[in-house]
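Input: a single structure, listed below in structure tokens.
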Amino acid sequence: MQKVYWATTYFVMGYAIIIAATVATYQLPVSIRASIGMVVASVVFVDFGYRFFKRICEPGKSLHWKSVVKLMSYWAILNFALDVLLLIILIPFLATGDFNWLFFKQQPYLYWAQFPMFYVFGFVAQSLYNRVQVIVSSQAKQLTE
């Protein structure tokens, strides 16, 4: 249960940062706004992925790729669900009294690229986590020798 809590917490924090970056760049052309969102998402989700792995994994053990796929799949599903809830249902309904059923048709290709990119972010975070574990364990060995 702790894993789900932390996975959800880190995702919601990252999602809020990405939405804030997107809103802040709203006046820019869609392709530039999506590109900025992708760059910010890369940094944010790699960092939060690393923090999640650091929090839930046993120290000294390397992270298996299946854990990465599970987390990133969960994050992709959460992302899609929050997009539907906020950008198709809640915000359009509050603004116009109607739903935005054309939301997904109106998105540029970079919107759809974010879903496979979650896995790239996850594997980068995994590499960082495993590398730090190797460094920490080698430093511990040097101290004991």
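Quick note: to get the working numbering, add 10 to the position in the sequence shown (first position is 1). C-beta: ideal position from N, C-alpha, C; glycine also.
- Annotation: the continuous alpha helix (DSSP H) that includes V53 extends over 40-66.
- With a cutoff of 8 Å on beta-carbon distance, Q124 and M48 are scored as near each other.
- Excluding residues up to 5 positions away in sequence, R43, I46 lie with their Cβ nearer than 6 Å to the Cβ of T35 in the same chain.
- Pairing Y25 with N110 gives a Cβ-Cβ distance that is not under 8 Å.
- Around the beta carbon of Q12, a 10 Å sphere encloses fewer than 16 other beta carbons of the protein chains shown; the residue is thus reported as exposed.
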